[in-house]
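Here's the structure, in structure tokens; my notes come after.
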Amino acid sequence: MVKNRHNYKLAEVMTQKKFYLLTDPSIICSYLVSKWIEAFEKMPEFQGILVKEEVQSSKVITERKNFHQKYFGQKHLTDEMYELLIDLYPGIEKTERAMIERYGVSQYSTTEHSQTIFLGDNLNGKYAKNWLMEVAENSSVFIFVCATQILKPWWLEITKHQVFNCHTAVLPYARGMYAIENLAINKNINQFRQAAGVTIHYVDEGVDTGSIIRTERIVDPFRFNSIWDLKGYLYVTEFDLYVKTTQDILSNNKTIPAGVAPDPKLLGPNFMIKNFTPEKQKQAEDAYLWMKNSWRQPSIT
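The numbering used here applies: residue 760 is where the sequence shown begins, and numbers increase by one.
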């Protein structure tokens, strides 16, 4: 009887469920981190926030935390405030400014949680791999990703393919980075409306080609002031859906989403960061406003 109890406890340890959020150190991801902390802080299975960044000094971590505490919810930042923010995060994009103007500064920074783990600038490096192998040795590990680096196959092998991602477009129509912005450049209204939304999916060895768990489309993608305003809205919508989907996954120990494999014939282009030049950004801005105005014009009969 004692032996059976021991075996039961051993099996329980071997199947202990752990989950982590893996993010970039960006203003965008601070909104997800804030929602994640609010939703999962008290869950024992939540083991921490993994950050794609070298270990930061306590000074930087504290300054980030203080900025968010001081300006939480504030939508209109002065140039001086933005200068402070730029010193604390690696670059501020137009989408991030649009998010602040729409939602205010997020509650938490990406690095202030007590269980923040810095994996370094290379998520596919030796340190990250050794860390993952160690935590997955006696546990069932779930990794929920919101990062710009493509993960190597060993992430999937070690976690038994329990790696998830969120994407600011409807898959499979627009893949990769700055997908909805790049798609806007085509000025194809129907194509743009088809892809304007968010997706939660499994990570596989391709780029945004994993089985789709859930995807939602924006009813009116042309009601925003700019392409950046739309993109910021998509991020927050995506993060809300990500939290909800994660809660559903973790609450059920008997099943896990099967996902639906995207039709290869429908795969859209894979957009890359390096190709989204300042010229392309301007083209995306102008093309969005052109589509917005064209969509709003009444038809002539």
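Note that the Cβ used here is the ideal one computed from N, Cα and C, for glycine as well.
Report the partner residues of R973 according to the DSSP bridge assignment. In the DSSP output, where bridge partners are listed per residue, R973 has I959.
Where does I986 land, buried or exposed, given buried means 16+ other C-beta within 10 angstroms? By the C-beta density criterion, I986 is buried, having at least 16 other C-beta atoms within 10 angstroms.
Close beta carbons around L1000, own chain, < 7 Å, minus the five adjacent residues each side: For L1000, where only same-chain residues beyond five positions count, the Cβ hits under 7 Å are V957, I959, R973 and E975.
Tell me, which residues are paired with K777 by DSSP? Residue pairing by DSSP places K777 opposite V900 in a beta bridge.
Just how far apart, CA to CA, sit P702 and M936? Since the first residue shown for the chain is 760 and the last is 1060, residue 702 is missing from the structure and cannot be characterised.
Nearest-angstrom Cα distance between Q953 and N984? Rounded to whole angstroms, Q953 to N984 spans 19 Å at the Cα level.
Quick check on this structure: which residue in G850, P784, F826 and P849 has the alpha carbon closest to the alpha carbon of M840? Closest option to M840, judged by alpha-carbon separation, among G850, P784, F826 and P849: F826.
If we call anything under 7 Å between Cβ atoms a contact, is V1002 one with K794? Yes, Cβ-Cβ distance for V1002 and K794 is below 7 Å.
Tell me, please, which residues DSSP counts as bridged to F831. Beta-bridge partners assigned by DSSP to F831: V864.
Does D740 pass the burial test, meaning 16 or more other C-beta atoms within 10 Å, or should it be called exposed? This structure leaves residue 740 out entirely; the chain is present only between 760 and 1060.
In chain order, what residues of the same chain have a beta carbon less than 6 Å from the beta carbon of L891, not counting five sequence neighbours either side? Excluding sequence neighbours, L891 sits near I917.
Per DSSP, the bridge partner or partners of F877: BP columns for F877 point to V810.
If you draw a straight line from the alpha carbon of T837 to that of A943, how long is it in whole angstroms? Separation of T837 and A943 (C-alpha to C-alpha, rounded to the nearest whole angstrom) is 30 Å.
What would DSSP say about N883, mapped onto helix, strand or coil? Under the three-state reduction of DSSP, N883 is assigned to coil, being neither helix nor strand.
Considering only the alpha carbon of each residue, which of N941, Y994 and I1015 lies closest to P1037? Comparing Cα-Cα distances from P1037 to each of N941, Y994 and I1015, the minimum goes to N941.
Consider the Cβ of Y867: report whether some Cβ of chain C lies at a distance smaller than 7 Å. The structure shown contains no chain C; it is built from a single protein chain.
Looking at the structure shown, is R952 part of a helix, part of a strand, or coil, going by DSSP? Helix at R952.
Counting beta carbon pairs with one atom in the region 871-880 and one in the region 794-812, are three or more of them shorter than 8 Å? Segments in contact, yes.
Whole-number beta carbon distance between E800 and K777, since they are thought to touch under 8 Å: Not confirmed; about 15 Å, so no contact.
Quick test of your reading: V904 and V962, contact by CB under 8 Å. State the CB separation rounded to the nearest angstrom. Yes, they are in contact, since the Cβ atoms of V904 and V962 sit about 6 Å apart, within 8 Å.
Per the contact definition of three or more C-beta pairs closer than 8 Å, is the region 848-868 in contact with the region 877-889? No, the region 877-889 does not touch the region 848-868.
Please name the residue in E852, P1023 and N897 whose C-alpha comes closest to that of K990. Nearest option by C-alpha distance: E852.
Which of the three DSSP states is assigned to L1048 in this structure? Helix.
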